[in-house]
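>
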Amino acid sequence: MEINEIKEIIEAILFASGDLVSLSKISEILTLDEKQVRPIMSELIESKLNKQSGIIIKEIENSYQMSTNPEYFDYVRKLFERNTSKTLSQAAYETLAIIAYNKNVTRAKIEAIRGVSAGSTINTLIEKGFVEESGRLEAPGRPVLYRTTDEFLRSFNLRSPADLFPIESFSDEKKEDEEE
Amino acid sequence: MEINEIKEIIEAILFASGDLVSLSKISEILTLDEKQVRPIMSELIESKLNKQSGIIIKEIENSYQMSTNPEYFDYVRKLFERNTSKTLSQAAYETLAIIAYNKNVTRAKIEAIRGVSAGSTINTLIEKGFVEESGRLEAPGRPVLYRTTDEFLRSFNLRSPADLFPIESFSDEKKEDEEE
Amino acid sequence: MNQPLIEEYKLRLENFEGPFDLLYHLIEKNEMDIYDIRIGDITDQYLEYLFDMQTLNLDIASDFLLMASTLLHIKSKMLLPVISDDEEDELDPREVLVRQLLEYKKYKKASFAIKELHEAGNRYFYGLPSSEDFGETKKVYEVSPLILKEMYKGIVSRNERKKNYKTRYMEKILRHDRFTVEKKIRVVIKTLLNNAKISFFEFFKKKEAEKLDVVVSFLSILELAKERKAKLNQNRIFSDIVVEKTDKLTESDLKEYIDIYK
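Chains as they are written, first to last, in this note's numbering: chain P, 762 to 941; chain G, 762 to 941; chain E, 71 to 332.
#1: Closest by CA to F776 (chain G), which one among E:L198, E:I268, E:H95?
#2: Quick one: does K819 (chain G) have its CB under 8 Å from some CB of chain P?
#3: Under 8 Å between beta-carbons, which chain P residues line up against A858 (chain G)? List them in chain order, please.
#4: Got a sec, what are the start and stop residues for the beta strand (DSSP E) V923 (chain G) sits in?
#5: In chain P, what lies closer than 9 Å to A190 (chain E) by C-beta?
#6: Take the Cβ of H188 (chain E) as the centre, count every other Cβ of all protein chains shown within 10 Å, and call the residue buried at 16 or more, exposed below.
#7: Starting from I821 (chain P), follow its DSSP beta bridges and name the residues at the other end.
#8: Would you please verify whether the beta carbon of G88 (chain E) is less than 8 Å from any beta carbon of chain G?
#9: What whole-angstrom Cβ distance do F806 (chain P) and E820 (chain P) have, given they're in contact under 8 Å?
#10: Short check: CB of E87 (chain E) to CB of A852 (chain P), under 8 Å?
#11: So S850 (chain P) packs on F891 (chain P), CB below 8 Å; how close in whole Å?
#12: Looking at the unbroken beta strand (DSSP E) that takes in R897 (chain P), where does it start and where does it end?
#13: What runs of the beta strand (DSSP E), each 3 residues or longer, lie entirely inside the region 854-919 of chain G?
#14: Pull up the CB-CB distance for L781 (chain G) and S808 (chain G), whole angstroms please, since I reckon it's below 8 Å.
#15: Identify the contact partners of D257 (chain E) in chain G, using a Cβ-Cβ distance below 7 Å as the criterion.
#16: Rounded to whole angstroms, what is the Cα-Cα separation between D114 (chain E) and S181 (chain E)?
#17: Taking the straight line between their C-alpha atoms, what separation do you get for F931 (chain G) and A861 (chain G)?
#18: Would you kindly work out how many angstroms separate the C-alpha atoms of L141 (chain E) and L167 (chain E), rounded to a whole number?
#19: By the DSSP assignment, the beta strand (DSSP E) with I311 (chain E) in it spans what residues?
#20: Report back the beta-carbon spacing between S785 (chain P) and E795 (chain P) to the nearest angstrom; my notes put them in contact at under 8 Å.
#21: Go through its chain and collect everything with a Cβ distance to V213 (chain E)'s Cβ below 8 Å, but skip five positions before and after it.
#22: Should G815 (chain G) be flagged as near chain E, meaning a C-beta pair shorter than 8 Å?
#23: For G779 (chain P), does the count of other Cβ atoms within 10 angstroms reach 16, so buried, or fall short, so exposed?
#24: E314 (chain E) and K267 (chain E) - do their beta-carbons sit closer together than 8 Å?
#25: CA-CA distance, E893 (chain G) and V257 (chain E)?
#26: Taking Cβ positions, are I774 (chain G) and L840 (chain P) nearer each other than 8 Å?
#27: So, does the CB of F891 (chain G) fall closer than 8 Å to a CB anywhere in chain E?
#28: I'd like the list of long-range same chain contacts for R920 (chain P), defined as Cβ closer than 8 Å, with 5 residues on each side in sequence excluded.
#29: Would you call the CB atoms of I816 (chain P) and I767 (chain P) closer than 8 Å?
#30: To the nearest angstrom, report how far apart A879 (chain G) and A923 (chain G) are at their CA atoms.
#31: Is N264 (chain E) helix, strand or coil when you go by DSSP?
#32: For K242 (chain E) and N830 (chain G), what's the separation of their Cα atoms in angstroms?
#33: Quick one: grab the DSSP three-state call for I107 (chain E).
#34: Taking 8 Å as the CB-CB cut-off, is S828 (chain G) touching chain E?
#35: The alpha helix (DSSP H) that contains Q304 (chain E), what's its start and end?
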């Protein structure tokens, strides 16, 4: 198969799926090796960005999804006549920040940082698909652990959790004059 | 706005919609005249066909829809492996043909032509979205009239009902058989 | 106290995400150094706040009360004379609180950044799974216009031949129950059994679909979802609903609905 044909097939697959499609699934469909497909994906993503396109491809943790170019948001929005704001409450963003920066975190830890109970906020985030249970802590009471989801990455325009600004960049703490 | 930008916006709109979008809606979003937009749509459709693309644009009665390039169906199918849909039955094809070639036809007429009852076949076609009710005949009993849908056109790769193969040849045969 | 004032207080309270948030606000308002909080002033102002809430008969969240007791505890500790001579041993009673405040502030700032990411992310629109049929239908679709023509020719000539022997059809009086839920459920079940997944929009695309039809269909989908025989997915508000059958949906459901509603 020619590279161009492969690219077209990938486009067709991503378009038809309407969702994230993993690199392994794409490779399987093409009966190619992931190692061969990955650079083609990068080229495809790149070319969409370079030539300016109405549809772009996003990479999220080894999966790919088509989306509209955010540059045309104001036009596409008119199609749905929806308002811009699909935002969460401040409490939800704080909780989400704590979970995003502390993978596998218990509710107790979240509550200790925020100083308020977090149960209902966590539930909201789970309902939105941004947070999921990731297991239980091997400690008394075996509390549930939480982590962010791929849907979080997608909705927050991140390719991977590593794309987040380091948490230290938000720190107010004095470093030098802190020695006791 | 530059032509290229307009094309990109149209792509974004069609992609996000995932459905038929009318020329008038597209023009409204772009705040352009339909007369300006129509040739751009034609160019866009053309360019997708020429340069071979995974995604193409179809025109159906002054509306447009993105769809996968049928050339790649065999690949895309693998993505959806678990639902294989069936072809239509002979009875359904016959009924559909009658409705397609006789706009606004009653069940009685269909049954008269086919010589068997058509109720369940018509229902199947309605379920598949190929046929819809188009009103009632102003005659005793006010029987329901049926016609084919846009979905029918799309599924059968027709741009408009006029794209159906003409049936002049058929009238000859009719004459032969018709002497009673 | 009059209603608007109460509302105003409520608003002020709800603006704080918790005791740390309120404390931070007070520290900044008083232009204090976070490493050298004047615990007396802060405690007084904090309690004043809680008293205001109380006079307004507002529920004071237990989290706020807990912090009040912590502040009072620190304050009392700082009032006590230092007994130990060993300065190294002497811990600032405010230290834990300061660390908590700094930690909270860090995440509060991060939450603003996350909110910005969300706003950026909201500018992307995603398509739905394609409603095109990728089954074995490819051949059907490609040849079908021709098939249709041939079919039509075939039927008509066939029909003309046996016209004379055909009995007349009785016109049935069409009952007006086209849109009853039970009937629609059966249609939905049948479609789901054939397709596994259907798009709500696609299903009711028919231009002239009567409102009643759509409403009844929506009800029947909800009914199936309630019985966990179908899963509903909607990517965003007002967007298409993808209806997916679950393992619980079987051929026998078709019968069941016929029997129940007979």
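Cβ atoms here follow ideal geometry from the backbone N, Cα and C, with glycine treated the same way.
Considering the structure as presented:
#1: E:L198
#2: no
#3: Result: empty, since nearest Cβ-Cβ is about 29 Å, beyond 8 Å.
#4: What sits at residue 923 (chain G) in the sequence shown is Ala, not Val. No beta strand (DSSP E) contains A923 (chain G), which DSSP labels as neither H nor E.
#5: P831, F917, N918
#6: buried
#7: P:S824
#8: no
#9: In the sequence as displayed, the identity of residue 806 (chain P) is Ile instead of Phe. The pair is a contact, with the Cβ atoms about 6 Å apart (cut-off 8 Å).
#10: yes
#11: S850 (chain P) to F891 (chain P), Cβ: 13 Å. No contact.
#12: 892-897
#13: 892-897, 905-909
#14: Going by Cβ atoms, the distance from L781 (chain G) to S808 (chain G) rounds to 20 Å, so no, they are not a contact pair.
#15: The sequence given here places Val at residue 257 (chain E); Asp does not occur at that position. In chain order: E888.
#16: 29 Å
#17: Residue confidence is low: F931 (chain G) scores 47 on pLDDT, short of 50, so the model does not pin down where it sits. Its coordinate-derived value is still stated next. Roughly 15 Å between the two C-alpha positions.
#18: 9 Å
#19: 311-315
#20: 6 Å
#21: Only weak support is given to the placement of V213 (chain E): the predicted model assigns it a pLDDT of 35, under 50, and the value that follows is read from those uncertain coordinates. Answer for V213 (chain E): no residue qualifies.
#22: no
#23: buried
#24: yes
#25: 14 Å
#26: yes
#27: no
#28: K819, E820, I821, E822, L914
#29: no
#30: 25 Å
#31: helix
#32: Only weak support exists for where K242 (chain E) lies, its pLDDT of 30 falling under 50; the coordinates are left without a value.
#33: coil
#34: yes
#35: Taken as a continuous stretch (DSSP letters only), Q304 (chain E) belongs to no alpha helix (DSSP H), being part of the beta strand (DSSP E) at 300-304.
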